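Asker: Sharing a structure, written as C-alpha cells. Questions coming.
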Amino acid sequence: MSTYDKPTDSPEGWVAEHTKQYLESNGEEGHIWRNDAPTLLLTTIGRRSGQARRTPLIYGRDGANYLIVASKGGAPTSPLWYSNLEANPEVRIQVGGDQITARARDASPEERPRLWSIMSAIWPDYDNYQTKTDRQIPLVVLEPQGEGNSVDPPGAPRESVRHVTS
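Below is the structure:
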C-alpha cells in the first residue's frame, strides 16, 4: 500500500464537499468548478505527520505540466499544502479520473510572468490576492513523472483545462 492511498481530506465546509463530490464521481463532477475553472485534487505528504493530505485546487496547463497557485486568498502566509511541498516535492494529483504522480517545483523567475498570466486568465482573483499580501504568492509547476501519466484528462474539453503550449 502506498503512502498516498488513504489521504486525510479537509473537514472544512465547501472544501470537504468539493473533494467528496470529486471523489464520488471519479472527477465527473467537481473537475470543472466555479466560473468554469478546472480543479484537481493534490495529495501531499505532511511535513510533520508523514500522512497524506488531499485538497482541491484550481489548475492550469503549460504543455504536459500542471500549474497551481498557493494563494490562500492573499493571506500573509502560504497554505499548509505548500509547506508540505517544500518539504517533499513528490505528490500525487487526480485530474478528472486520472491519478498522476508528479514532482512539484516553484516557477522560475524567468517563467513566472508567463505562467502567472495563464493562471490569472483562469482565476482573475489571483491578481487581487497578490495585491492583498506582501509575500510573493508561490506559483507551483507540477511535472508528471514516469510512464502512464496522462497529459489530457479523458473527456475534459481542451478549452476548460486551458491547455497552453507556448
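full-length UniProt numbering puts the sequence shown at residues 1 to 166. We put the beta carbon where it would ideally sit given N, CA and C, even for glycine. On a predicted model such as this, the values are computed, not experimentally measured, just so you know.
#1: If residue 3 and residue 64 are in contact, beta carbons under 8 Å, what's the gap, nearest whole angstrom?
#2: Does the beta-carbon of residue 76 have 16 or more other beta-carbons within 10 angstroms, so that it is buried, or is it exposed?
#3: Are residue 45 and residue 57 touching if we call contact CB-CB under 8 Å?
#4: Just checking my contact of residue 47 with residue 87 at CB under 8 Å: how many whole Å lie between their CB atoms?
#5: Residue ranges of each alpha helix (DSSP H) run of no fewer than 4 residues wholly in the segment 56–111, ordered along the chain?
#6: Please name the residue in 20, 13, 12 and 14 whose C-alpha comes closest to that of residue 94.
#7: DSSP three-state call for residue 38: helix, strand or coil?
#8: On the CB-based measure, 16 or more other CB atoms within 10 Å of its CB, does residue 113 come out buried or exposed?
Answerer: Straight from the coordinates:
#1: That belief does not hold up - the Cβ atoms of residue 3 and residue 64 are roughly 24 Å apart, past 8 Å.
#2: exposed
#3: no
#4: 4 Å
#5: 80–87
#6: 20
#7: strand
#8: exposed
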